Amino acid sequence: MNTLVLASSFTDVKPGLIIWTWITFIVVLFILKRVAWGPLLKSVEDREKNIINAIESAKRERSEAEKLLGEQKSAVAQARQEAAEQVRKTQADLEKFREDLMGKARKEADDLKAEARRTIEEERVKAVADIKAQAVQLSLQVAEKLIAEKLDDAKHQALAQQFVTDLSRKPPSA
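The sequence shown begins at 56 in my numbering and counts up one residue at a time.
So, in structure tokens, the structure goes:
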């Protein structure tokens, strides 16, 4: 029966115990509010502020990183454009140099051809003059021999043959 008495006392309503339980609850609640709840809320608020600051800082850093990335992309694009422009300019300069070089080579070739033509013409004129001089010399020598002798056909033929033989042995002097 002892156990039965205990079980019934646990479930019995005792108004004094209820009042003291409420007073204890209110005192503990007041102490917790003063001692623990304020610092806990302050700690939670500080953590919330830190998280908000971290999020805003991350947003700022992200926007700054995107800005720097955009600047870097534009710098790379500009560098590529400048490099392409430099390549085009170098190719244009190279083409101009090649054309200048070809022009100079053509001019030199034309000058050399003109000089060769002048030299050939001068040599031709000299050769023609020399041949004319030799022809005159030969004509004079033939006339001289013909005048020196009165010739009939046979003598004339023999004299011409001897002259050709003499001519082939020694060249006439100018």
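From the three backbone atoms N, C-alpha and C, an ideal C-beta is built for every residue, glycine too. Remember, predicted model here, so these are calculated numbers, not experimental data.
Exercise for the section: Taking D221 as the reference, give the member of F85, D208, A209, L193 with the closest Cα. Expected result: L193
Exercise for the section: Please report how far the alpha carbon of T145 lies from the alpha carbon of K128, in whole angstroms. Expected result: 25 Å
Handout entry: First through last residue of the alpha helix (DSSP H) which encompasses W77
Key = 70-86
Exercise for the section: Quick one: using the 10 Å Cβ neighbour count with 16 as the cut-off for buried, is G71 buried or exposed? Expected result: Exposed, since its Cβ has fewer than 16 Cβ neighbours within 10 Å.
Handout entry: Assigned secondary structure, D67 (DSSP; H/G/I helix, E/B strand, else coil)
Key = coil
Handout entry: Backbone CA spacing between A213 and L167 [nearest angstrom]
Key = About 51 Å.
Problem - Cβ shell of V60 (< 7 Å), same chain only, five flanking positions each side left out - result: Model confidence at V60 stands at a pLDDT of 49, short of 50, so the residue's coordinates are unreliable; what they give is reported in the following sentence. If we look at V60 and ignore the five residues flanking it on each side, it has no Cβ neighbours.
Problem - Coarse secondary structure for N57, derived from DSSP in three states - result: Note that N57 scores 49 on pLDDT, short of 50, meaning its location in the model is unreliable and no value can be drawn from it.
Exercise for the section: Check whether the Cβ atoms of V191 and F218 sit closer than 9 Å, and answer yes or no. Expected result: Taking C-beta atoms as the reference points, V191 and F218 fail to come closer than 9 Å.
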